[in-house]
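Residue numbers (our numbering), protein chains in the order written: chain A, 136 to 348; chain B, 21 to 267.
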């Protein structure tokens with residue numbers, strides 16, 4: 136039981152940290168792109184969408200090569216460690232945060248800016264109001280990033296190695312327990328993963344709630 | 021609703037052109053909008069009323085021509101932003117911001133850091149019978165209710181110039197009367213200049229002291245209301261007023 140809690144906490148630590156890093160970088164970048172020229176978004180959208188579909192095992196492989204002892208970042212000695220797992224998941228989550236934030240801001244009707252200006256808003260106030268309009272999209276972006284991180288297995292397995300008590304997280308533990316035939320433990324871990332994802336999304340839904348009707 | 025002819029006009033336009041698309045442009049030869057009165061812009065949909073209002077609101081500059089606000093050009097150095105502090109446009113399709121009706125009505129006052137915000141908002145909400153909806157999400161409102169909120173968030177600012185783009189298009193007769201009374205009461209109390217775009221002849225006659233007719237991007241005629249309806253000069257105005265013009 137201690138092991139299960141340990142694994143669940145490590146999952147939260149890895150995926151939570153990766154989501155925080157991706158949010159810190161991705162929300163400002165996505166906001167900037169969302170407010171930027173439409174043509175720039177037109178060019179960047181296909182690239183971002185491709186990055187959203189980046190296979191985790193490919194990211195895991197690339198990071199493995201970078202972090203392995205003979206690789207350019209080998210001196211960090213991060214391979215098979217929690218920081219390497221956080222780095223991998225941050226890379227996977229970042230395009231989600233940028234893309235969904237950008238799309239959410241771009242979806243705010245252009246005429247709203249004119250209406251705000253006519254109410255006396257300065258350009259800075261217009262921009263900050265438009266960003267506030269996109270808060271639900273930003274919440275969704277962060278939730279999607281956390282969802283992807285929590286359920287991701289390929290990259291953390293490659294760079295973390297699923298070492299018991301050190302780098303084992305819910306997804307990699309489920310993989311291992313299933314391959315050993317320990318289905319009851321795998322199902323318990325799966326239930327914990329689902330409960331975690333549901334709690335996170337419930338929190339986001341409550342935060343996005345409109346004022347009382 | 022008699023005017024003070026000695027006062028300088030609020031807006032003066034001369035040879036103003038705005039190219040909207042390859043197939044539509046607005047051309048105003050001469051127009052002087054009297055200060056402190058209600059000027060109705062009559063005309064069918066697509067005649068250029070909204071385009072003209074956007075220019076007067078300091079939101080879209082003319083392509084060519086002279087557009088003066090008070091004693092200087094409206095689109096001079098950083099003037100549009102100053103004009104927008106005094107002239108407010110209620111759009112035909114108002115868009116709310118996220119939050120409650122109260123949040124929306126407060127918006128213009130909050131960005132101006134107004135001190136007596138609460139009292140002013142409460143007064144306008146009550147005037148437009150919106151008090152019971154104050155806490156409701158603006159996103160859940162009907163088109164007509166949203167139009168009332170848009171009028172409230174403009175009136176609460178006590179603008180010098182109130183530009184209205186078909187503000188009662190989605191309202192039932194009772195609410196039309198409510199909006200007309202609210203705008204006219206405010207106009208009389210504060211001598212606001214109101215430019216009211218409408219395609220409704222009867223509304224123009226009820227609310228305005230001056231009326232202009234727009235057709236196909238041009239200002240056909242402008243006159244004091246009585247003369248406009250009783251003795252129109254342009255044959256197109258005669259047809260429009262008599263209901264012979266189908267649009």
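Virtual Cβ for every residue (Gly too), placed ideally from N, Cα, C.
All figures in this text were calculated on a predicted structure; none of them were measured in a lab.
Residues of chain A with CB under 7 Å from residue 104 of chain B, in chain order? As a position in the second chain, residue 104 of chain B is number 84, starting the count at 1. Per Cβ cutoff of 7 Å: 252, 253 and 255.
Express the C-alpha separation of residue 277 of chain A and residue 218 of chain A in angstroms, rounding to a whole number. In the first chain, counting from the first residue as 1, residue 218 of chain A sits at position 83. In the first chain, counting from the first residue as 1, residue 277 of chain A sits at position 142. Using only the alpha carbons, I get a separation of about 20 Å.
Within the 9 Å Cβ cut-off, does residue 59 of chain B reach chain A? Within the second chain, numbered from 1, the residue matching residue 59 of chain B stands at position 39. Not closer than 9 Å to any Cβ of chain A, the Cβ of residue 59 of chain B fails to qualify, so no.
Three-state secondary structure (DSSP) of residue 106 of chain B: Position 86 of the second chain, counting from 1, holds the residue named residue 106 of chain B. The answer is helix: DSSP assigns residue 106 of chain B an H, G or I state.
Coil, strand or helix - residue 216 of chain B by DSSP: The residue you call residue 216 of chain B lines up with position 196 of the second chain. Strand, per DSSP.
For residue 222 of chain B, is the classification buried or exposed, using 16 other Cβ atoms within 10 angstroms of its Cβ as the cut-off for buried? The count along the second chain starts at 1 and reaches residue 222 of chain B at position 202. Looking at its Cβ environment, which holds fewer than 16 other Cβ atoms inside 10 Å, residue 222 of chain B is exposed.
I need the boundaries of the beta strand (DSSP E) containing residue 185 of chain B, first residue and last residue. Counted from its first residue, the second chain places residue 185 of chain B at position 165. Unbroken beta strand (DSSP E) run through residue 185 of chain B: 181-185.
Which runs of the alpha helix (DSSP H) at least 4 residues long sit entirely within the segment 270-336 of chain A? Give them in chain order. 270-286, 289-295 and 305-314
Apart from the five residues on each side of it in sequence, which residues of its chain come closer than 7 Å, Cβ to Cβ, to residue 68 of chain B? Along the second chain, one-based indexing puts residue 68 of chain B at 48. 46, 234 and 237, listed in sequence order.
Does DSSP classify residue 50 of chain B as helix, strand or coil? If you number the second chain from 1, residue 50 of chain B lands on position 30. It is a strand residue.
9 Å is my cut-off, CB to CB: does residue 68 of chain B come that close to chain A? Sequence index remark: in the second chain, residue 68 of chain B carries index 48 (1-based). So, not an interface residue.
Bounding residues of the beta strand (DSSP E) (the contiguous stretch that carries residue 31 of chain B): As a working mapping, residue 31 of chain B is identified with position 11 in the second chain. Where residue 31 of chain B is concerned, the enclosing beta strand (DSSP E) stretches over 31-41.
Alpha carbons only, please: which of A:208, A:235 and A:307 is nearest the one belonging to residue 146 of chain A? To locate residue 146 of chain A, count along the first chain from 1; it is residue 11. With distances taken between Cα atoms, residue 146 of chain A lies closest to A:307.
Chain A within 9 Å of residue 163 of chain B, Cβ atoms only: The count along the second chain starts at 1 and reaches residue 163 of chain B at position 143. Judged by the 9 Å Cβ criterion, residue 163 of chain B is not in contact with chain A.
Residue 66 of chain B versus residue 126 of chain B: straight-line alpha-carbon distance, rounded: Counting from 1 along the second chain, the entry for residue 66 of chain B is found at position 46. Counting from 1 along the second chain, the entry for residue 126 of chain B is found at position 106. In a straight line, the C-alpha of residue 66 of chain B is about 32 Å away from that of residue 126 of chain B.
Specify whether the segment 325-336 of chain A and the segment 163-174 of chain A touch according to this definition: at least 3 beta carbon pairs, one from each stretch, less than 8 Å apart. no
Residue 195 of chain B - containing alpha helix (DSSP H), residue span: The sequence position of residue 195 of chain B within the second chain is 175, counting from 1. Note, residue 195 of chain B: alpha helix (DSSP H), 193-210.
Return no unless some Cβ of chain B is closer than 9 Å to the Cβ of residue 270 of chain A. As a working note, residue 270 of chain A is residue 135 in the first chain. Closer than 9 Å: yes.
Once DSSP output is grouped into helix, strand and coil, what is the label at residue 23 of chain B? Counting from 1 along the second chain, the entry for residue 23 of chain B is found at position 3. At residue 23 of chain B, the pLDDT of 42 sits below 50, so the modelled position is not reliable and the matter cannot be decided from this model.
Span separating the alpha-carbon of residue 279 of chain A from that of residue 295 of chain A: By 1-based counting over the first chain, the position of residue 279 of chain A is 144. By 1-based counting over the first chain, the position of residue 295 of chain A is 160. Cα-Cα distance, rounded: 22 Å.
What does residue 127 of chain B touch in chain A if you count any residue whose Cβ is under 7 Å from its own? Looking up residue 127 of chain B in the second chain gives position 107. Those within 7 Å of residue 127 of chain B in chain A are 254.
Pick helix, strand or coil for residue 347 of chain A, following the three-state DSSP scheme. Position 212 of the first chain, counting from 1, holds the residue named residue 347 of chain A. Residue placement at residue 347 of chain A is flagged as unreliable, the pLDDT there being 45, under the threshold of 50; the coordinate-derived value follows with that caveat. Coil.
Could you compute how far the alpha carbon of residue 21 of chain B sits from the alpha carbon of residue 181 of chain B? If you number the second chain from 1, residue 21 of chain B lands on position 1. If you number the second chain from 1, residue 181 of chain B lands on position 161. Its pLDDT being 39, under 50, residue 21 of chain B is placed unreliably in this model, and the coordinates cannot settle the point.
9 Å is my cut-off, CB to CB: does residue 114 of chain B come that close to chain A? The residue labelled residue 114 of chain B in the question sits at position 94 within the second chain. At least one chain A Cβ lies under 9 Å of residue 114 of chain B.
With 9 Å set as the bound, which would you pick, yes or no: does the beta-carbon of residue 311 of chain A sit closer than that to a beta-carbon of chain B? The sequence position of residue 311 of chain A within the first chain is 176, counting from 1. Not one chain B Cβ lies under 9 Å of residue 311 of chain A.
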